[in-house]
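These notes concern the structure reproduced below.
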Amino acid sequence: MLCSIIMLLIVSACVKGAEEDLYKVVYKSEEVDIEVEDKQNTEYSIAIIPKLINIPYFNAVEEGALKAGKDLGVHVIYKGPRTAEPSQQIQIINEFIEGGEVDVIAVSANDPEKLVPVLKKAKQHNIRVITWDADTMPEGREFFINMVHPETLGRHLMDTLAWNTGEEGEFAIMTGANSAANLNEWLKWIKVQHKEYYPSMSLVEVAATDDDPHKAYTIAKRLIADYPNLKGIIGNSSVGPPAAAQAVQEAGKNGEIAVVGLSPPNDMNEYLKNDAAQVVTLWSPKKLGYLTVALSRNILSNYLPYDNQDIPGVGKIRMMNDMVIMGEPIDFVKENVDQYDF
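Under UniProt numbering, the very last position in the sequence shown is 342; numbers go up by exactly one each time.
Structure follows, in structure tokens:
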């Protein structure tokens, strides 16, 4: 019996050594601070795919995701396309499937339908799949991590513009990609709030920027030129408000055309202070990245998110069916913008 025990220990040590070679752990902390207990020294690989890379919003998400990787002792791979194209995301997902080294794929989808087949393929290869920021059809993933309730956000964006135009006049909306599910949901509620509460305001155009900063700037300049009575612009994606504010400033119309919408405060700091923009709204993209990794880590231990769950480093989350809601929107104005750094 003693010999059998010794042999078992030797074999176990060899298997453990083999397992440790499966993943290269980029961030590993001494103490793994997660809500659930799990087998010690288990190492996971989590792929985080944004809509696109190299814009401030998704750069901040990346920072939060890598911080979570360090805190939770998991390998985080952050990889996204250079343009907001679903075909490029599909290519990246296929690469992860073929590589066979990721346990979770978490994607901010550029198209709610086109990504479903490749995500189903990932699940067939025993890869867990979730969405964050922008959803797919439900059959493509286990659950969706949303930043705020979409109705709350859409209605609030319309309100912030109305408050800064005296509830009257022409306005335009600059959205991102026409195919993005989250942007379309917010856009729907902007229009509902407009119709229900602001009859003296007139929506003249909804323009798609494809989340391209240069294209957004070109569109903003055109809107100002095409609509001489324009009183406001809502930026429905993060590239919209900076582009609109720059165009307003160059046209010498600070305070005459109100600019509101979704943007990190650092990008809008000076525009808010010189009245080229009035209000920008967002959540913490760093927390969104952190939450995505934390919940990905938990599902690998078969712990699904639940209502009022307290996530270390993030706070309490809410659940609506299969949608996680991270929190409430934050408004940034000239008086408080220096209090935030992201």
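No residue lacks a Cβ here, since even glycine has one placed at the ideal position from N, Cα and C.
Assuming residue i contacts residue j under a Cβ cut-off of 8 Å, what Cβ separation, rounded to an integer in Å, is found between them?
i	j	result
Ala277	Pro329	Incorrect: roughly 16 Å between the Cβ atoms, too far for contact.
Glu205	Ala172	5 Å
Met174	Thr209	6 Å
What residue range does the alpha helix (DSSP H) around residue i cover?
i	result
Arg318	It is not in any alpha helix (DSSP H) - Arg318 instead sits in the beta strand (DSSP E) that spans 318-320.
Glu98	86-99
Glu328	Where Glu328 is concerned, there is no enclosing alpha helix (DSSP H), given that its DSSP letter is neither H nor E.
Ile190	181-197
What does the alpha-carbon distance come out to for the pair residue i and residue j?
i	j	result
Asp267	Phe96	33 Å
Met319	Asn298	16 Å
Ser29	Val76	Its pLDDT being 30, under 50, Ser29 is placed unreliably in this model, and the coordinates cannot settle the point.
Asp331	Glu98	42 Å
Asn336	Tyr198	27 Å
Glu101	Ile93	12 Å
Phe144	Leu304	12 Å
Ile325	Glu142	15 Å
Under three-state DSSP, which class holds residue i?
i	result
Asn59	helix
Val333	coil
His125	coil
Met147	coil
Gly80	coil
Gly140	helix
Asp341	coil
Leu119	helix
For the beta strand (DSSP E) that residue i lies in, which residues bound it at each end?
i	result
Thr281	279-282
Gly240	From DSSP, Gly240 is part of no beta strand (DSSP E) but of the alpha helix (DSSP H) over 240-250.
Val293	First-last for Val293: 285-299, but that is the alpha helix (DSSP H), not the beta strand (DSSP E).
Glu167	That residue, Glu167, is in no beta strand (DSSP E); it is neither H nor E in DSSP.
Ala276	Segment: none, Ala276 is in no beta strand (DSSP E) and carries neither H nor E.
Ile233	230-235
Shorter than 8 Å from the beta carbon of residue i to some beta carbon of chain B?
i	result
Ile93	Note that chain B does not occur in the displayed structure, where there is just one protein chain.
The stretch 121-132 / the stretch 242-251 touching (three or more Cβ pairs under 8 Å): no
Using a Cβ distance threshold of 8 Å, determine whether the stretch 278-287 contacts the stretch 159-166, with at least three qualifying pairs required. yes
Counting Cβ pairs, one atom from each stretch, are 3 or more of them under 8 Å apart for the stretch 129-148 and the stretch 98-116? yes
So, does the stretch 269-276 touch the stretch 287-295, judging by three or more C-beta pairs under 8 Å? Between the stretch 269-276 and the stretch 287-295, the count of Cβ pairs shorter than 8 Å is below three; the stretches do not touch.
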